[in-house]
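Colleague: Take this structure, written in structure tokens, and hold onto it; I'll ask about it next.
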Amino acid sequence: MEKNPLLQIGDISEIDAMVDVLVERTCGYMKTVPHEMVHDALWRAYEFAKKAHDGQMRKSGNPYIVHPVRAAEYLLMLKPDLVTIQACILHDVAEDTDFTIEDISKEFWSEVAAICEGLTKLSTIRYRGEERTVWSLRKMLLAMVDDLRVVLVKLADRYHNMCTLEFHPDPVKRERIALETLNVYAPIADRLGIFEFKEALETQCFRILYPEEYKKIQSELDELRDKQNLFVTKAKDLIRELIKDTLTVHDISYRIKSPYSIFKKMERKNYEHVSDLYDLFAIRIITDNIPHCYEILWMIHNSWTPIPRRFKDYIALPKENGYQSLHTSVVGIFPEFRNQPTEIQIRTPDMHRQAEIGIAAHFEYSETGKSVIANDTYWVRTIKNILDNVNEWQEFLSEMKVSVFSDQIFVFTPNGDIITLPKGSSPIDFAYAIHSELGNHMIVAKVNGQVVPLDYHLRNGENVQIVTDKNRSPSPSWLSFVKTSRARDVIRQFINREQRDELIDKGRFILNSYLEHNYGRVLDKDLSILRNLDGHMLDTKQKEDVLVQIGNLSRKPSSILRALHDDALRSLWERTLPVQVIPPKKGTPVVSKWTPETQQEIDDSIIIGWERDIPYKIALCCTPTSKDRIVAYVGHNGVMIHRYDCKSIIQGDLDRCIPSRWSNVPQHGVTFIIEIVVEDKLGVLRKITEVLYQMELNIESLSVAPFENGLGKNQLTLHTKDEDYYIYDRLIERLHFEVPEFKEGKLLSMK
Ligand code: MN
Numbered sequence: 000m001e002k003n004p005l006l007q008i009g010d011i012s013e014i015d016a017m018v019d020v021l022v023e024r025t026c027g028y029m030k031t032v033p034h035e036m037v038h039d040a041l042w043r044a045y046e047f048a049k050k051a052h053d054g055q056m057r058k059s060g061n062p063y064i065v066h067p068v069r070a071a072e073y074l075l076m077l078k079p080d081l082v083t084i085q086a087c088i089l090h091d092v093a094e095d096t097d098f099t100i101e102d103i104s105k106e107f108w109s110e111v112a113a114i115c116e117g118l119t120k121l122s123t124i125r126y127r128g129e130e131r132t133v134w135s136l137r138k139m140l141l142a143m144v145d146d147l148r149v150v151l152v153k154l155a156d157r158y159h160n161m162c163t164l165e166f167h168p169d170p171v172k173r174e175r176i177a178l179e180t181l182n183v184y185a186p187i188a189d190r191l192g193i194f195e196f197k198e199a200l201e202t203q204c205f206r207i208l209y210p211e212e213y214k215k216i217q218s219e220l221d222e223l224r225d226k227q228n229l230f231v232t233k234a235k236d237l238i239r240e241l242i243k244d245t246l247t248v249h250d251i252s253y254r255i256k257s258p259y260s261i262f263k264k265m266e267r268k269n270y271e272h273v274s275d276l277y278d279l280f281a282i283r284i285i286t287d288n289i290p291h292c293y294e295i296l297w298m299i300h301n302s303w304t305p306i307p308r309r310f311k312d313y314i315a316l317p318k319e320n321g322y323q324s325l326h327t328s329v330v331g332i333f334p335e336f337r338n339q340p341t342e343i344q345i346r347t348p349d350m351h352r353q354a355e356i357g358i359a360a361h362f363e364y365s366e367t368g369k370s371v372i373a374n375d376t377y378w379v380r381t382i383k384n385i386l387d388n389v390n391e392w393q394e395f396l397s398e399m400k401v402s403v404f405s406d407q408i409f410v411f412t413p414n415g416d417i418i419t420l421p422k423g424s425s426p427i428d429f430a431y432a433i434h435s436e437l438g439n440h441m442i443v444a445k446v447n448g449q450v451v452p453l454d455y456h457l458r459n460g461e462n463v464q465i466v467t468d469k470n471r472s473p474s475p476s477w478l479s480f481v482k483t484s485r486a487r488d489v490i491r492q493f494i495n496r497e498q499r500d501e502l503i504d505k506g507r508f509i510l511n512s513y514l515e516h517n518y519g520r521v522l523d524k525d526l527s528i529l530r531n532l533d534g535h536m537l538d539t540k541q542k543e544d545v546l547v548q549i550g551n552l553s554r555k556p557s558s559i560l561r562a563l564h565d566d567a568l569r570s571l572w573e574r575t576l577p578v579q580v581i582p583p584k585k586g587t588p589v590v591s592k593w594t595p596e597t598q599q600e601i602d603d604s605i606i607i608g609w610e611r612d613i614p615y616k617i618a619l620c621c622t623p624t625s626k627d628r629i630v631a632y633v634g635h636n637g638v639m640i641h642r643y644d645c646k647s648i649i650q651g652d653l654d655r656c657i658p659s660r661w662s663n664v665p666q667h668g669v670t671f672i673i674e675i676v677v678e679d680k681l682g683v684l685r686k687i688t689e690v691l692y693q694m695e696l697n698i699e700s701l702s703v704a705p706f707e708n709g710l711g712k713n714q715l716t717l718h719t720k721d722e723d724y725y726i727y728d729r730l731i732e733r734l735h736f737e738v739p740e741f742k743e744g745k746l747l748s749m750k
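Under numbering that gives the first Met the number 0, the very last position in the sequence shown is 750; numbers go up by exactly one each time.
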């Protein structure tokens, strides 16, 4: 879609040629409008803008006129009417040149001038910092209600600016512009259902904001391409064969998840590689009418196994932005290549157009090439309601949270600047979002003037103030609750450098707790279990590095277990499994012979490793029920669930065993015993219980010793359902904070 944005323009004749291309493309979809009318409309706008911008340059060194022409080229994707295209070509004239809106209105339709005026209003927002984000959002919404076309031009304008953003000399401004695009423009494109704009904008922002991650994801995608193409080609053939000539199929194509969506999902799921995503791409079938969509769905469900709860009927129940389609995920298409689920989308050409360009699909062209987009769609009414009823802009923000920013919150700095954070963020995330030093030395956080614990969940519209002390430094326990990758990265950098020994201890502690729970064993002094990891022999320092990774939560104990060498793993299992060990018979594929007797299941009732929705089969040799402890065995024919003590699995490769559990059985979480000393005061136990309740800690036992010298000693056994090995540190911080009578605490055991 994007031509090379870095292309330097040689002379003006190249731009003239671009305009001719625009004319041809416009005529291509505007069939009712005579060619010369289109030609005249575009060239008149172009000549006018060219004269107005004469002598001006872009930061890229190109003549300024390249910018509006490129923006118009991009806008054409939406197949807009002539008014919108003209306004796009003229969009910077009134703002950046000596010509005025009146000058435009003398030469062009009044609507063209009105759109240009709307755009000028949008760009006169000159607030400092993040505050700008919110005001731009409000302005955008107001403009949208007036005339949607203003916003379409604005999006195209912003897209071209993003493509050329690297020419902006100021890195801070670059980042700010990219953030604003991500927080305002992309969500609006999303709300309008203009999926192509949304993805294109996000990709550009991602490229600017996370250059390293962007490169990594792109190169991993490149690596996957051949394999994927092969799968998709084969899958298309199979689907065509399945449908044969029974009904019309216009197209079978596929879409790959955008780099930014991939990035977000990897962050959320803690994935290391792009290939870990099983919904990396979806196959898309376009057929002529709605009954045929359902018919094809039926054929597909008949041939391959659909995954329960993955089927979505957006035809009967369209999304708020108007999106319609059938979605389903199946397993078993070309299983030699892919035994993961594959998403399939089925829709009509109209639905497809709506999905790609959203609201712009409602353009209709009269013989003069003008169009009016209906202003009565659901979302316009929603936004109108908000704008009409809310005067207070902080309230406006929390209203917006519901309809646009469902996964983000806005909070305020003491200066009134706005910081955007993911939902669930803490004051620590806030501090790091402002500056690394602020985070690294923070000691107290105040929300609306009240001191709050550092793991407090910030809410929309709150005022946050950070108090620092230069002698303070970040604590590893922060890593267990911060939400933003920025906070995580800076904290890790700091503690890896300054607190290596503590992290080694903590890593050892966490790995031991995990091993003890799952295998009834702990590490020896030489860490011999880690001797061979990821196929490499590790020396003492490298083994400690692994502990550091566990301690700073960048690696989970379960991922270590997956990377262990056979021998180490075997020794763990052999010690654990309460049956006699039968020496493995080399080369005997034990698992495959069970295949015919098993029943394929795909649901989320078993969690394998950390994953739900992995297809599995129940082994008939031991037929585990939900009362049994279980283990997953990854064989050549997929994943088989055995009882934990099934003799058969010992005959296979033990490194193919993955700890698993029934999802309805609570996760083991962490159980720990602590001793706390408190002052002898009325109500102190109630206060402590209150903190435990807030932190969702379950009290399994409690014993109270008699008071001595006004002090009482209590021993508590506590359980958290999360696998949070920093829970003790957090609890102690909370107790110091909330219970003045709390004196000291001691961790007695944890597993
Ligand atoms: Mn512009």
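Just so it is clear, CB atoms sit at the ideal spot from N, CA and C, and this is done for glycine as well.
For ASP250, which of helix, strand or coil comes out of DSSP?
Modeller: By 1-based counting over the sequence shown, the position of residue 250 is 251. ASP250 falls in the strand class under three-state DSSP.
Colleague: For THR419 and LEU453, I'd like the C-alpha separation in whole angstroms.
Modeller: For the purposes of this step, residue 419 is taken as the residue at position 420 of the sequence shown. For the purposes of this step, residue 453 is taken as the residue at position 454 of the sequence shown. About 18 Å.
Colleague: Should HIS249 be listed as close to the ligand MN, given that the test is whether its C-beta is under 7 Å from any heavy atom?
Modeller: The count along the sequence shown starts at 1 and reaches residue 249 at position 250. No, the Cβ of HIS249 stays beyond 7 Å of every heavy atom of the ligand MN.
Colleague: What number of angstroms, rounded off, separates the C-alpha of ARG173 from the C-alpha of PRO658?
Modeller: Translated into the one-based positions of the sequence shown, residue 173 becomes position 174. Translated into the one-based positions of the sequence shown, residue 658 becomes position 659. Between ARG173 and PRO658, the C-alpha separation is close to 46 Å.
Colleague: What residues are listed by DSSP as bridge partners for GLY756?
Modeller: No answer is possible for residue 756: it lies beyond the span of the chain, which begins at 0 and ends at 750.
Colleague: Identify, in the order they occur along the chain, each residue of the same chain with its Cβ nearer than 6 Å to the Cβ of TYR45, setting aside the five sequence neighbours on each side.
Modeller: Along the sequence shown, one-based indexing puts residue 45 at 46. Taken in chain order, the residues that qualify are VAL18 and ILE88.
Colleague: Just to confirm, are ILE284 and ILE356 a CB contact at a threshold of 8 Å?
Modeller: Within the sequence shown, residue 284 is the residue found at index 285, counting from 1. Within the sequence shown, residue 356 is the residue found at index 357, counting from 1. No; because the gap between Cβ atoms is not below 8 Å, this pair is not in contact.
Colleague: Determine the burial state of MET161: buried for a count of at least 16 other Cβ atoms within 10 Å of its Cβ, exposed for fewer.
Modeller: As a first step, residue 161 must be located in the sequence shown, where it is residue number 162. Flag for MET161 reads buried.
Colleague: In whole angstroms, what is the alpha-carbon distance linking ILE255 and LEU529?
Modeller: By one-based count along the sequence shown, residue 255 stands at place 256. By one-based count along the sequence shown, residue 529 stands at place 530. Distance between the alpha carbons of ILE255 and LEU529 is about 38 Å.
Colleague: Could you tell me whether the Cβ atoms of GLU543 and ILE607 are closer together than 8 Å?
Modeller: Locating residue 543 in the sequence shown gives position 544, where the first residue counts as 1. Locating residue 607 in the sequence shown gives position 608, where the first residue counts as 1. Not in contact: GLU543 and ILE607 (Cβ atoms no closer than 8 Å).
Colleague: Reducing DSSP to helix, strand and coil, say where ARG148 ends up.
Modeller: On the sequence shown, position 149 is the one that residue 148 refers to. The answer is helix: DSSP assigns ARG148 an H, G or I state.
Colleague: Could you name the residues that DSSP lists as bridge partners for LEU563?
Modeller: Taking the first residue of the sequence shown as 1, we reach residue 563 at position 564. LEU563 pairs with LEU532.
Colleague: What whole-angstrom Cβ distance do VAL521 and LEU532 have, given they're in contact under 8 Å?
Modeller: One-based indexing of the sequence shown puts residue 521 at position 522. One-based indexing of the sequence shown puts residue 532 at position 533. VAL521 to LEU532, Cβ: 18 Å. No contact.
Colleague: Does the segment 289-305 come close enough to the segment 240-248 that 3 or more CB-CB pairs lie under 8 Å?
Modeller: Segments in contact, yes.
Colleague: Mind checking which residues open and close the alpha helix (DSSP H) that includes SER435?
Modeller: Numbered from its first residue, the sequence shown carries residue 435 at position 436. Per DSSP, SER435 belongs to the alpha helix (DSSP H) from 435-439.
Colleague: Using only the alpha-carbon positions, how far apart do LEU437 and THR467 sit?
Modeller: Mapped onto the sequence shown, residue 437 falls at position 438. Mapped onto the sequence shown, residue 467 falls at position 468. About 7 Å.
Colleague: Helix, strand or coil for PHE736, going by three-state DSSP, please let me know.
Modeller: Sequence index remark: in the sequence shown, residue 736 carries index 737 (1-based). DSSP places PHE736 in helix when its eight states are reduced to three.
Colleague: When the Cα of CYS645 is compared with those of PHE262, ARG43 and CYS621, which residue comes out closest?
Modeller: If you number the sequence shown from 1, residue 645 lands on position 646. For CYS645, the nearest C-alpha among the options comes from CYS621.
Colleague: Note down, in chain order, each residue of its chain lying with its Cβ closer than 6 Å to the Cβ of LYS445, except the 5 sequence neighbours on either side.
Modeller: Counting from one through the sequence shown, the residue named residue 445 turns up at place 446. GLN464, listed in sequence order.
Colleague: How close, in whole Å, do the beta carbons of ASN447 and ILE494 come, if the pair is a contact with beta carbons under 8 Å?
Modeller: For the purposes of this step, residue 447 is taken as the residue at position 448 of the sequence shown. For the purposes of this step, residue 494 is taken as the residue at position 495 of the sequence shown. That pair is no contact at about 30 Å.
Colleague: Taking only three categories from DSSP, how would you classify ALA315?
Modeller: Working through the sequence shown from its first residue, we reach residue 315 at position 316. Coil at ALA315, not helix or strand.
Colleague: Going by C-alpha distance, which of GLU271, ILE242, SER257 and ASP278 is nearest THR286?
Modeller: In the sequence shown, residue 286 corresponds to position 287, counting from 1. Closest option to THR286, Cα to Cα, is ILE242.
Colleague: CB-CB under 7 Å to ASP721, same chain, minus the five flanking residues each way: which ones, in chain order?
Modeller: As a working mapping, residue 721 is identified with position 722 in the sequence shown. Once the five neighbours on either side are set aside, the close Cβ partners of ASP721 are GLY668.
Colleague: Tell me whether HIS90, by its Cβ, gets closer than 7 Å to a heavy atom of the ligand MN.
Modeller: The count along the sequence shown starts at 1 and reaches residue 90 at position 91. HIS90 Cβ: within cutoff of the ligand MN.
Colleague: Going by beta carbon distance, what residues of the same chain come within less than 7 Å of VAL443, once the five residues before and after it are set aside?
Modeller: Locating residue 443 in the sequence shown gives position 444, where the first residue counts as 1. If we look at VAL443 and ignore the five residues flanking it on each side, its Cβ neighbours are VAL450 and VAL466.
Colleague: Is it true that the segment 221-241 meets the segment 175-187, where meeting means three or more beta-carbon pairs spaced less than 8 Å apart?
Modeller: No contact exists between the segment 221-241 and the segment 175-187.
Colleague: What does a CB cutoff of less than 7 Å around VAL152 pick up in its chain, not counting 5 residues either side in sequence?
Modeller: Working through the sequence shown from its first residue, we reach residue 152 at position 153. Same-chain partners within the cutoff: LEU74, THR83, ALA86, CYS87, HIS90, ILE114 and LEU118.
Colleague: Give me the DSSP bridge partner(s) of PHE336.
Modeller: Against the sequence shown, residue 336 aligns to sequence position 337. Answer is none; PHE336 lacks a bridge partner.
Colleague: For THR716 and TYR724, I'd like the C-alpha separation in whole angstroms.
Modeller: Residue 716 sits at position 717 when you count from the first residue of the sequence shown. Residue 724 sits at position 725 when you count from the first residue of the sequence shown. Approximately 15 Å, taken between the alpha carbons.
Colleague: Quick one: Cα of ARG485 to Cα of LYS30, how far?
Modeller: Counted from its first residue, the sequence shown places residue 485 at position 486. Counted from its first residue, the sequence shown places residue 30 at position 31. One C-alpha to the other measures close to 51 Å.
Colleague: Let's test the definition: count the other Cβ atoms within 10 Å of the Cβ of TRP297 and tell me whether it reaches 16, buried, or not, exposed.
Modeller: Working through the sequence shown from its first residue, we reach residue 297 at position 298. Under this definition TRP297 is an exposed residue.
Colleague: With 16 other CB atoms within 10 Å as the buried threshold, where does GLN323 fall?
Modeller: Against the sequence shown, residue 323 aligns to sequence position 324. Buried, because 16 or more other Cβ atoms sit within 10 Å of the Cβ of GLN323.
Colleague: Within 8 Å of any Cβ in chain C, is that where the Cβ of ASP538 sits?
Modeller: No chain C is present in this structure, which holds just one protein chain.
Colleague: If you run the structure through DSSP and keep just helix, strand and coil, what is GLY751?
Modeller: The displayed coordinates of the chain run from 0 to 750. Any statement about residue 751 would go beyond what the structure contains.
Colleague: Just confirm the distance between the C-beta atoms of LYS482 and SER425, as a whole number of angstroms; I'd bet it's less than 8 Å.
Modeller: Along the sequence shown, one-based indexing puts residue 482 at 483. Along the sequence shown, one-based indexing puts residue 425 at 426. LYS482 to SER425, Cβ: 7 Å. Contact.
Colleague: In whole angstroms, what separates the C-alpha of THR25 from that of ARG190?
Modeller: Looking up residue 25 in the sequence shown gives position 26. Looking up residue 190 in the sequence shown gives position 191. The alpha-carbon atoms of THR25 and ARG190 are separated by roughly 26 Å.
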